[in-house]
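Protein chains in written order, with my numbering: chain U, 2 to 111; chain R, 121 to 233. Backbone N, C-alpha and C define an ideal beta-carbon position, used for all residues, glycine too. Report on the structure given below.
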Amino acid sequence: ILNVEQSPQSLHVQEGDSTNFTCSFPSSNFYALHWYRWETAKSPEALFVMTLNGDEKKKGRISATLNTKEGYSYLYIKGSQPEDSATYLCAFKGANNLFFGTGTRLTVIP
Amino acid sequence: EAGVAQSPRYKIIEKRQSVAFWCNPISGHATLYWYQQILGQGPKLLIQFQNNGVVDDSQLPKDRFSAERLKGVDSTLKIQPAKLEDSAVYLCASSLIRHNEQFFGPGTRLTVL
């Protein structure tokens with residue numbers, strides 16, 4: 002069992018604010034880092050799969066960076082909207098399976 | 121393309137009862153996963169199938185949990201008998217092949233009273 006940590010556990014932001022979350026993971030035996038968005042009562046949706054140190058990925062207002070040497074990834078949301086309210090999960094992939102963090106629960110207040 | 125289907129979406133049972141969950145993966149996906157997500161924790165892999173064979177069931181509590189994937193398509197996960205600590209969301213996911221991107225179903229929320 003690998004230790005994947007996410008912070009904060011939860012946060013509330015006002016509509017229009019920008020925000021970011023952290024995922025920390027083991028820096029050894031790294032294969033990929035996945036980010037998922039999980040809205041209540043829906044399926045977890047893949048946001049990004051990141052494999053290379055220094056990777057930066059962007060999807061609309063959401064972007065992510067990766068540092069495999071120090072074992073962390075940041076997820077940024079620019080200009081948060083109410084529809085961004087969800088739990089954001091990161092998952093570390095080593096040689097075998099995915100190990101998930103506990104998630105960051107984001108609530109965007111209109 | 122249809123996504124991963126799961127049923128039921130919600131289930132409430134009493135402890136010591138039995139329960140079964142069903143998953144239909146994306147067509148053509150060889151690898152199927154069952155995860156357990158307890159409130160406040162991240163999803164934890166219970167079992168992984170490659171076609172109809174088990175690849176990894178190291179985290180499956182085999183005294184009460186069982187899973188099968190007959191014909192390498194649909195899968196069922198069973199708990200018998202259920203305990204209070206089994207209350208969780210059970211997620212099914214599939215991927216085209218092992219180590220590829222996983223696509224998740226909406227999950228089954230189990231409450232054991």
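Between Phe-185(R) and chain U, the shortest Cβ-Cβ separation is not below 8 Å. The closest CA to that of Ser-195(R), considering only Gly-148(R), Leu-152(R), Lys-135(R), Gly-123(R), is found on Leu-152(R). Nearest CB-CB separation between Leu-159(R) and chain U: not below the 8 Å threshold. Here DSSP, grouped into helix, strand and coil, assigns Gly-192(R) to helix.
About 6 Å separates the CB atoms of Gln-170(R) and Ala-150(R); that is less than 8 Å, so the two are in contact. Taking C-beta atoms under 8 Å as the contact rule, Val-124(R) and Ile-158(R) fail to qualify, at a distance of about 20 Å. Residue nearest to Phe-22(U) within the set Ser-29(U), Asn-30(U), Ala-33(U), Arg-38(U) is Arg-38(U) (criterion: CA-CA distance). Identification of chain U residues near Phe-224(R) by a Cβ-Cβ cut-off of 9 Å yields Tyr-37, Trp-39, Ser-44, Pro-45, Glu-46, Ala-47, ordered along the chain. In chain order, Ser-215 place their CB closer than 7 Å to the CB of Glu-221(R), counting only its own chain and leaving out the 5 sequence neighbours on each side.
Between the alpha carbons of Asn-144(R) and Pro-181(R) lies a gap of roughly 22 Å. For Arg-106(U), the enclosing beta strand (DSSP E) begins and ends at 105 to 110.
Contact between Arg-189(R) and Ile-199(R) fails: their C-beta atoms lie close to 17 Å from each other, not under 8 Å. Secondary structure note for Lys-60(U): its beta strand (DSSP E) is the uninterrupted segment 57 to 60.
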